[in-house]
Every structure is written in structure tokens, then in C-alpha cells.
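The block underneath contains the structure these notes are about, expressed in C-alpha cells.
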Amino acid sequence: MTSNNWFAVGLASLTCSIAGGCAMDSSSAPKPYKAEVIDHLPPTTERGEQWLVAPRNLSLLEDIDTLQSNFFSVNLGGVIKISSNFGSLVSAELDSTSNRGRLRYTVKNGVIIPRDTSSLLALSSFYAFERTINALKASTGLEPQSLKEKINGPFNLYFEPTILEKDGAHKSFYTIKFNAAFNSENNQFYLFRRSEIESIPFSANIKVISHEFGHALFKTSFNQNTVENCTLPNEAELQTRREDKFFRGRWSLEYAISGLNEGFADFHSYVVTSSADIFAELNPAIANNSRALNGIKFNFSQLGNDSACAGRFYCIGTLFARSLYNVAKRYSNNRAELMGFSRRVYAALEKTAENMRKSPAVDIIPFANQEALMCKRRDRPVLTYDGALTSSFLAAFLQSFTAGEEKKLLCENFTELFGTTGFAQKVRVVCEP
Ligand SMILES: [Zn+2]
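Numbering (this note's numbering), first residue to last: 383 to 815.
Given below as C-alpha cells:
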């Protein structure tokens with residue numbers, strides 16, 4: 383999409399609101415619905431990735447005025463109260479009494495034409511989510527219906543909600559800092575108001591939406607579809623935790639596991655969109671490309687060094703995502719084979735937590751440190767501690783791969799990017815043929 387038609391959309395919105403409301407006649411929009419949305423075209427050998435506004439089928443959409451579908455629904459406006467956050471994973475609740483927004487559009491030759499920027503973005507979010515759902519069977523092996531049953535109902539997307547802190551005070555900085563988020567407790571996605579640093583708003587950016595969806599898939603696979611929030615222990619519980627490496631809620635707080643969750647989400651975004659740079663649409667003066675799968679190289683031993691990678695636990699994720707991406711590249715000319723690899727990755731994640739309880743992974747897992755015992759989140763890596771956790775995770779993950787070229791390449795990439803601290807010699811027996 384050029385900046386020219388972006389501006390044109392902005393002007394249409396102005397005209398619409400000055401005119402005092404826009405014509406809406408949903409009965410004239412035929413099903414299956416077709417709407418003008420922002421679409422992303424993957425890079426090809428001749429050109430880079432592209433964006434455009436074009437009519438696209440919204441084949442899952444059941445009702446244009448409520449933006450409902452069988453697998454997810456887009457809710458406009460509303461108020462959410464955020465109690466805590468960790469990267470793009472948040473804990474929040476929705477105020478069900480709050481007012482919802484509504485879509486403004488006209489219908490021209492059977493195509494829904496959004497009449498303001500928010501309506502364009504909401505329809506584009508729907509389209510991006512639909513594309514992610516449509517890729518689900520190929521990327522994970524899961525039928526959308528079985529995923530829906532796993533999570534007890536459709537996913538809910540909250541589009542441009544107003545953010546309040548739990549005590550009710552306005553915190554406008556959330557809208558800039560966290561543009562999209564997944565709430566794993568209740569399977570809700572939040573798409574926040576756009577900020578001036580995005581050339582394509584995150585809420586309509588399929589790369590961001592499929593990344594957030596990757597968190598939902600990490601939950602259904604690695605986390606066995608359960609949310610284990612860490613709760614502050616009493617004295618007796620604290621003693622139990624000191625002796626139990628797998629106490630409930632530990633993984634939701636560990637710096638390394640949070641990072642690996644982000645890394646899988648980045649890889650899932652690549653699988654759905656074929657784009658290796660999730661933040662290509664961010665202002666380059668603000669974005670640093672250390673998260674790009676093909677970006678400037680760094681390794682595990684450089685994690686504490688902000689000039690190598692400033693993304694805190696995200697940097698651990700990037701090392702994981704890059705390892706997967708480097709293997710996936712061999713399938714880049716064959717989407718069916720790429721999807722086959724993606725399904726093997728998802729299947730391996732489903733077994734990873736269980737394999738972490740077995741040798742050699744279990745032997746290297748450290749007992750929880752003081753912060754993890756007390757449900758505290760760390761802001762900086764502790765290389766040996768976090769490296770023991772990634773070593774265990776990577777070994778457990780690899781155990782699901784059958785011996786062969788793919789496993790060999792995964793081992794080589796983990797060895798190169800994680801080194802002996804993040805992928806310890808001791809667990810590399812899983813790489814032996
Ligand atoms: Zn994330």
C-alpha cells in the first residue's frame with residue numbers, strides 16, 4: 383500500500399464523520415461477504431513483500447454488523463483492565479458493561495467499502511485472522527473446529543479497546559508500547575490503537591496477528607492448553623517449590639520460557655506470511671532489526687549485551703525462531719514441504735514439556751531461583767540459569783524429531799546460535815544418530 387491511498391482513506395473518514403453518519407444497509411451486502419481490506423503479499427524472487435487495499439472474500443464472516451464467525455469474533459471498542467503484562471502476553475479483564483463501537487461502511491457492487499480508518503482496520507483484522515485460521519490445518523495439523531473445542535469456544539478479538547489499569551486510572555502509554563497482545567487465560571486477543579511509528583497499523587498487520595496467534599498455539603501445545611499462573615507461596619509451599627523443578631506456574635514466569643514462546647510466535651508468523659521481518663513496517667528509526675529472522679547475527683553468549691540485541695527475553699526467542707527459520711529455508715520453494723516442517727515443529731512442542739521431565743532434559747533443569755520461587759519476573763538474563771533452561775527445552779524439543787537431515791540441521795543451528803551455555807554439551811546426546 384502506498385502512503386497515497388493511506389491518506390485517501392483518512393480523508394474518506396473525515397468526510398464521513400462531517401456528514402454525520404454513513405449509510406449502512408447490511409441487507410445489500412451479499413454473502414459470502416467481500417470487503418475492501420488491507421492485504422499483505424509475500425515476497426517473491428522478483429520483489430519484496432507488498433501491501434495493498436483490495437476487495438477480498440471474508441468467507442468465515444457470518445454477520446457483517448457483529449463481525450462474528452464460528453471460530454472468532456472481532457469486537458469493536460470496549461474497555462479492558464490490565465493487571466499485568468509481560469511482553470505481548472497480558473493478564474486482563476474486559477469490562478462487559480462498556481460501550482462497543484460500530485462499523486461504518488457502504489456497499490458498492492456487492493463489495494463492502496469501509497467508510498473510516500477504524501472500519502477499514504477492523505475488517506482487515508478480521509481478514510488477517512481468517513487467513514491465519516485458514517492456514518491452521520496445514521501449519522499445525524489441527525482442524526479449526528478441534529482448536530475451538532480445545533479452548534471452549536471461539537477466540538475473541540478486541541479491536542482498539544480503551545485501556546485502563548485495574549484501579550481505573552488511564553494509562554495511555556500501553557497503547558503505544560503494546561500494540562497487540564494475547565491473553566492466555568481467556569483466549570482473547572487485543573489489537574490496540576495505532577501509533578505513528580507503524581506504516582501498516584499492527585491491528586491490520588497479518589504478521590503481527592499471526593505472531594499473537596502463535597502464542598495461542600504455544601499454549602495449546604507446550605502448555606498443554608492450561609494456564610498456570612504463579613501464585614505467591616506460603617512457607618510450606620515455598621519449601622515444596624524448592625524441591626520440585628516442575629511446580630505449577632513456574633514456566634509462565636521463567637525468562638527463558640517466555641522468550642521461547644515469543645520465538646515460536648515469530649516462526650509461526652513466518653510460516654503464515656512468508657515474511658522474515660515481522661517489524662518491517664515499523665519506523666526504522668525506532669525499530670531495531672534484531673528480531674528479524676534474517677537480521678544482524680548474535681548468539682546466546684551476547685544476550686546481556688543490548689548492542690547485540692536489546693529485546694530482553696525476546697532475544698532468546700529470536701535465536702529459537704532463527705534456528706527454525708534456517709531449517710525452513712530449505713523448503714522455501716515448496717510451501718507444502720514448509721508446512722510439513724511446521725507441523726513437525728508443532729507436534730514436537732506438544733511433547734516438549736513431557737520430555738523435559740525425562741533424561742537428558744530433566745538432568746540439566748535448575749531448581750527455581752529465588753525470583754522464580756516468588757513469582758517475580760526478571761528483566762535481564764542470567765546466562766547460566768537461563769541457558770540450562772533453554773538446553774533442557776531444546777533437547778526435549780529435538781527428541782520428537784526422527785533422525786535425518788532435518789534433525790541434523792536443527793542440531794547444527796541450536797549449536798551455533800545457543801552455544802555451549804544455551805545448548806549444553808550434556809544434552810546434545812539427543813543429536814547423536
Ligand atoms: Zn509476542
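Just so you know, even glycine gets a beta-carbon here, dropped at the ideal spot from N, CA and C.
At the level of alpha carbons, what is the spacing between residue i and residue j?
{"i": "V809", "j": "E625", "result": "22 angstroms"}
{"i": "Q527", "j": "R513", "result": "15 angstroms"}
{"i": "L664", "j": "Q450", "result": "30 angstroms"}
{"i": "K789", "j": "N708", "result": "12 angstroms"}
{"i": "E814", "j": "A806", "result": "14 angstroms"}
{"i": "P412", "j": "G492", "result": "6 angstroms"}
{"i": "D447", "j": "R438", "result": "17 angstroms"}
{"i": "G769", "j": "N671", "result": "23 angstroms"}
{"i": "F783", "j": "F749", "result": "27 angstroms"}
{"i": "S581", "j": "F702", "result": "27 angstroms"}
{"i": "T766", "j": "A638", "result": "11 angstroms"}
{"i": "T427", "j": "P496", "result": "33 angstroms"}
{"i": "A520", "j": "G722", "result": "7 angstroms"}
{"i": "L443", "j": "P414", "result": "8 angstroms"}
{"i": "F629", "j": "N611", "result": "11 angstroms"}
{"i": "E735", "j": "T803", "result": "Here residue 735 turns out to be Ala, not Glu, going by the sequence shown. C-alpha separation (whole angstroms): 20 angstroms."}
{"i": "R673", "j": "F574", "result": "21 angstroms"}
{"i": "A718", "j": "L518", "result": "13 angstroms"}
Whose C-beta lies closer than 7 angstroms to the C-beta of residue i among residues of the same chain, with five residues either side of it excluded?
{"i": "M738", "result": "V744, I747, S774, F775 and A778"}
{"i": "S705", "result": "L792, N795, F796 and L799"}
{"i": "N751", "result": "Y767"}
{"i": "E753", "result": "R760"}
{"i": "F511", "result": "F454, L539 and I591"}
Look at the Cβ atom of residue i, then the Cβ atom of residue j, and state whether they are nearer than 7 angstroms.
{"i": "P536", "j": "F453", "result": "yes"}
{"i": "Y572", "j": "N457", "result": "no"}
{"i": "N683", "j": "G801", "result": "Correcting the residue type first, residue 683 is Ser in the shown sequence and not Asn. Cβ distance < 7 angstroms, so S683 and G801 count as in contact."}
{"i": "H343", "j": "I591", "result": "A query on residue 343 cannot be resolved here, the shown segment of the chain reaching from 383 to 815 and no further."}
{"i": "L720", "j": "Y728", "result": "no"}
{"i": "L614", "j": "C757", "result": "yes"}
{"i": "F695", "j": "S640", "result": "yes"}
{"i": "F595", "j": "N561", "result": "no"}
{"i": "A586", "j": "S506", "result": "yes"}
Can you list, in chain order, the residues of its chain with a C-beta nearer than 6 angstroms to that of residue i? Leave out the 5 residues immediately preceding and following it.
{"i": "N569", "result": "I533 and F537"}
{"i": "E567", "result": "V609"}
{"i": "G523", "result": "R725"}
{"i": "C697", "result": "L685 and C691"}
{"i": "P425", "result": "E431"}
{"i": "V489", "result": "S410 and A411"}
{"i": "T622", "result": "none"}
Measuring CA to CA, which of the options is closest to residue i?
{"i": "H593", "options": "K733, A647 and G699", "result": "A647"}
{"i": "I678", "options": "T700, F629, G686 and Y728", "result": "T700"}
{"i": "E732", "options": "F564, N643 and D498", "result": "N643"}
{"i": "R762", "options": "G492, A730, A692 and S528", "result": "A692"}
{"i": "S657", "options": "F629, L524, E444 and K711", "result": "K711"}
{"i": "H597", "options": "G645, I582 and N491", "result": "G645"}
{"i": "S724", "options": "T655, A674 and N687", "result": "T655"}
{"i": "S741", "options": "V811, R429, D768 and S585", "result": "V811"}
{"i": "E619", "options": "A586, F749, R673 and L755", "result": "L755"}
{"i": "L502", "options": "L485, L518, F511 and N561", "result": "L485"}
{"i": "N516", "options": "R760, L765, S441 and T488", "result": "S441"}
{"i": "V653", "options": "P496, N716, T488 and A785", "result": "N716"}
{"i": "F649", "options": "Q781, L675, A718 and F628", "result": "L675"}
{"i": "W433", "options": "N616, N565, A662 and F574", "result": "A662"}
Grab me the residues of residue i's own chain with a C-beta within less than 8 angstroms of its C-beta, minus the 5 sequence neighbours each way, in chain order.
{"i": "A436", "result": "E418, V419 and D421"}
{"i": "K416", "result": "P437, R438, N439, L440, G492, V493 and I494"}
{"i": "K627", "result": "V744, I747, P748, F749 and A750"}
- [ ] Examine the Cβ distances between the stretch 630-639 and the stretch 602-615 and report whether three or more of them are shorter than 8 angstroms.
- [x] yes
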